[in-house]
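Numbering (my numbering), first residue to last: 54 to 515.
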Ligand code: ARG
């Protein structure tokens, strides 16, 4: 930077090398290069369109920019720290290619509106990609649910056996969470997709630019109507990090369940060799690394959200260099969410198997049909609270004699209450316990089939 300093003549000496390194963002914002080129192409076209530069100059700029894109894709353009950031790197190379014409590219533009444009172009593409991945994961959940409508699994509250469920119902709960994530990202996309280009450094520009022209070339849905807001708003990034955090919450909850299910204590699933690892010392181990890593990586995304909120809270208008710190938070969150979605999709699609036999035993070995006994009496006219107390007593005495409810004889039932008949056995059989919960949104098989159909329709429709 000694001879060819980027700055105006105001500067007499170059940056201290350590400060140059400290100041530089090229190490990470190179990720934005293609978006930077795309944004610059639109800007160059607009400069020509409005007569700020000649049509020939506009064409040369565009050709030069596209040449840089090719060079980058071919691995021939690798700017170093001396370029400071991706914006300077591209502009400098453009000047090497086109000569003095390249120096016209930055007319009526600042790096402040430029970087805001690049970040939005980047993020909107990533959002589309993540939404696509969410859809893939949802379709895996749907197929698994489809195959397991009649598979029963213990349902828990407080991690205590509560009532048995259709496994499909359990899986569809995650489908719904991911559906909200998909919708949320769609809404956020609208607010990411607004062009700050033409806001200048902070106050607009003296040139007769056409902001709507660049916005339409870049397929933005609108333009920022206030230049100060345009260059300093990062709400869109924070909103994305919120949505990313929620996706991670959902993936992490599912991960926690898979980890429990794969334990010897639960034994509900086996993990296939393709998705688990062993221990370097304990030969019997098979570890659920994928869900553990997903659960672990969740913290990073929460951290980035927190960092971004703190980054913004004290910033006076308009641009401040602090904003350079937004990028790594965004890039890492995008990569983390995307990698976790991919890994979990593979895990559920082919890396995990439900142990049908064990699940069938599990739902028959506890008192999770106790509510059904109370409901049985209540339908026969016994007030529910009275029935509830009575069943509590039965559970207590059964536990003492090491029996389950299904082991009580009809005489024992009748002794408890004369309303009990032979059909009590069917009423407390796990399959019936599940089938009977046929209220809208419940786990009854009929409802689950409707929910599946509804989920499938939403996947096709939207
Ligand atoms: N590298 C900078 C960033 O990421 C680009 C914008 C610099 N603007 C400035 N006024 N120094 O934010």
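Glycine included, each C-beta is placed from N, C-alpha and C at the ideal position.
Since this is a predicted model, take the numbers as computed values, not measurements.
* Taking only the alpha-carbon atoms, compute the straight-line gap between residue 437 and residue 507 and give it to the nearest angstrom. => Here residue 437 refers to the residue found at position 384 when the chain shown is read from its first residue. Here residue 507 refers to the residue found at position 454 when the chain shown is read from its first residue. If you take the alpha carbons of residue 437 and residue 507, they lie about 33 Å apart.
* Among 253, 89, 243, 64, which has the Cα closest to the Cα of residue 290? -> Along the chain shown, one-based indexing puts residue 290 at 237. With distances taken between Cα atoms, residue 290 lies closest to 243.
* **Assigned exposure category for residue 277 - 16 Cβ within 10 Å defines buried** => Here residue 277 is taken as the residue at index 224 of the chain shown, counted from 1. Buried is the label assigned to residue 277, since at least 16 other Cβ atoms lie within 10 Å of its Cβ.
* Do you know whose CA, among 157, 480, 179, 189, lies nearest residue 245's CA? -> By 1-based counting over the chain shown, the position of residue 245 is 192. Cα-wise, what sits closest to residue 245 is 179.
* To do: Determine the contact status of residue 155 and residue 137, defining contact as a CB-CB distance below 9 Å.
  => Translated into the one-based positions of the chain shown, residue 155 becomes position 102. Translated into the one-based positions of the chain shown, residue 137 becomes position 84. For residue 155 and residue 137, no; Cβs fall outside 9 Å.
* Per DSSP, residue 406 is paired with what? -> Within the chain shown, the letter at position 353 stands for residue 406. BP columns for residue 406 point to 323.
* Asked: According to the neighbour-count rule (16 or more other Cβ atoms, all chains shown, within 10 Å of its Cβ), is residue 57 buried or exposed?
  -> The count along the chain shown starts at 1 and reaches residue 57 at position 4. Confidence at residue 57 is low in this model, with a pLDDT of 49, below 50, so the placement of that residue is unreliable and no value is reported for it.
* Asked: Under the DSSP definition of a beta bridge, which residues are partnered with residue 214?
  -> The residue labelled residue 214 in the question sits at position 161 within the chain shown. For residue 214, which the question treats as bridged, DSSP gives the partners 209.
* Just the C-alpha distance for residue 113 and residue 151, rounded to the nearest angstrom, thanks. => Indexing the chain shown from 1 puts residue 113 at position 60. Indexing the chain shown from 1 puts residue 151 at position 98. Each residue's alpha carbon lies about 7 Å from the other.
* Can you name, in chain order, every residue of its own chain whose Cβ lies under 7 Å from the Cβ of residue 123, other than the five neighbours on each side? -> Mapped onto the chain shown, residue 123 falls at position 70. Counting only Cβ-Cβ distances below 7 Å, and skipping sequence neighbours, we find nothing.
* Please go through the segment 205 to 276 and give each complete beta strand (DSSP E) segment of 3 or more residues, from N-terminal end onward. => 205 to 210, 213 to 219
* Collapsed DSSP secondary structure at residue 424 in the structure displayed -> As a working mapping, residue 424 is identified with position 371 in the chain shown. Reduced to three states, the DSSP call for residue 424 is helix.
* Asked: Hey, would you say the C-beta of residue 282 is under 8 Å away from at least one heavy atom of the ligand SAM?
  -> No copy of the ligand SAM occurs in the structure displayed; its ligands are the ligand ARG alone.
* **Heavy atom of the ligand ARG within 8 Å of residue 377 beta-carbon** => Within the chain shown, numbered from 1, the residue matching residue 377 stands at position 324. Yes, the Cβ of residue 377 comes within 8 Å of a heavy atom of the ligand ARG.
* Asked: Between the C-alpha atoms of residue 88 and residue 119, what's the straight-line distance to the nearest angstrom?
  -> The residue labelled residue 88 in the question sits at position 35 within the chain shown. The residue labelled residue 119 in the question sits at position 66 within the chain shown. Computed Cα separation, rounded: 12 Å.
* CB residue 18 to CB residue 85, shorter than 9 Å? -> Here the chain has residues from 54 to 515 only, and residue 18 is not among them.
* Tell me where the alpha helix (DSSP H) around residue 195 begins and ends. => Taking the first residue of the chain shown as position 1, residue 195 is located at position 142. 164 to 200 is the span of the alpha helix (DSSP H), which, as asked, contains residue 195.
* Rounded separation between residue 15 and residue 266 - CA only -> What the structure shows of the chain is the stretch from 54 to 515, and residue 15 is not part of that stretch, so it cannot be assessed.
* **Cβ pair residue 261, residue 105 closer than 9 Å** => Counting from one through the chain shown, the residue named residue 261 turns up at place 208. Counting from one through the chain shown, the residue named residue 105 turns up at place 52. Result yes, Cβ atoms of residue 261 and residue 105 sit closer than 9 Å.
* To do: On a CA-only basis, which of 439, 309, 195, 430 is nearest residue 471? Give me that one, please.
  => Counted from its first residue, the chain shown places residue 471 at position 418. When each option's Cα is compared against that of residue 471, the closest is 430.
* Asked: Do the CB positions of residue 363 and residue 304 come within less than 9 Å of each other?
  -> Translated into the one-based positions of the chain shown, residue 363 becomes position 310. Translated into the one-based positions of the chain shown, residue 304 becomes position 251. Cβ distance not < 9 Å, so residue 363 and residue 304 don't count as in contact.
* Figure out for me which residue from 288, 463, 469, 456 has the closest Cα to the Cα of residue 443. => Working through the chain shown from its first residue, we reach residue 443 at position 390. If we check each option's Cα against that of residue 443, 469 comes out closest.
* **Closest by C-alpha distance to residue 488, when choosing among 464, 286, 425** => As a first step, residue 488 is located in the chain shown; it is residue number 435 there, counting from the start. Considering only alpha carbons, the answer is 425.
* Asked: Whose CA, out of 214, 253, 275, 72, lies closest to the CA of residue 165?
  -> What you label residue 165 is simply residue 112 of the chain shown in a count that begins at 1. Ranking 214, 253, 275, 72 by Cα distance to residue 165 puts 253 first.
* Where does residue 498 fall in DSSP's three states? -> Looking up residue 498 in the chain shown gives position 445. Helix, per DSSP.
* **Proximal residues to residue 74 (C-beta, below 8 Å), its chain only, five neighbours per side dropped** => Reading the chain shown from its first residue, position 21 is the one you call residue 74. Closer than 8 Å at Cβ, skipping near neighbours: 134.
* With DSSP as the reference, label residue 491 as helix, strand or coil. => Start at 1 with the first residue of the chain shown, and residue 491 comes out as number 438. Coil.
* Asked: If you measure from the CB of residue 372, is any heavy atom of the ligand ARG nearer than 8 Å?
  -> Numbered from its first residue, the chain shown carries residue 372 at position 319. Within the cutoff, so yes.
* To do: Let me know if residue 473 comes out buried or exposed under the rule of 16 or more other beta-carbons within 10 Å of its beta-carbon.
  => Numbered from its first residue, the chain shown carries residue 473 at position 420. Looking at its Cβ environment, which holds 16 or more other Cβ atoms inside 10 Å, residue 473 is buried.
* Can you tell me where the alpha helix (DSSP H) with residue 156 in it begins and where it stops? -> Walking along the chain shown from the start, residue 156 turns up at place 103. Element bounds for residue 156: n/a, residue is neither H nor E.
* Asked: Taking C-beta to C-beta, are residue 153 and residue 380 nearer than 9 Å?
  -> For the purposes of this step, residue 153 is taken as the residue at position 100 of the chain shown. For the purposes of this step, residue 380 is taken as the residue at position 327 of the chain shown. The Cβ atoms of residue 153 and residue 380 lie no closer than 9 Å to each other.
* Quick one: Cα of residue 60 to Cα of residue 398, how far? -> Within the chain shown, the letter at position 7 stands for residue 60. Within the chain shown, the letter at position 345 stands for residue 398. Looking at the two C-alpha atoms, the distance is approximately 49 Å.
* Asked: Can you list, in chain order, the residues of its chain whose CB lies under 6 Å from that of residue 296, leaving out five sequence neighbours each side?
  -> By 1-based counting over the chain shown, the position of residue 296 is 243. Cβ neighbours of residue 296 beyond the five flanking positions: 237, 238, 241.
* Excluding sequence positions up to five away, which residues of its chain have a Cβ less than 6 Å from the Cβ of residue 167? -> For the purposes of this step, residue 167 is taken as the residue at position 114 of the chain shown. Cβ within range, chain order: 140.
* Asked: Applying the criterion that 16 or more other CB atoms from any shown protein chain within 10 Å of the CB defines a buried residue, is residue 234 buried or exposed?
  -> Position 181 of the chain shown, counted from the first residue, corresponds to residue 234. Flag for residue 234 reads buried.
* Rounded to the nearest angstrom, how far is the Cβ of residue 255 from that of residue 224, given a contact under 8 Å? -> For the purposes of this step, residue 255 is taken as the residue at position 202 of the chain shown. For the purposes of this step, residue 224 is taken as the residue at position 171 of the chain shown. No, residue 255 and residue 224 are not in contact; Cβ-Cβ is about 51 Å, not under 8 Å.
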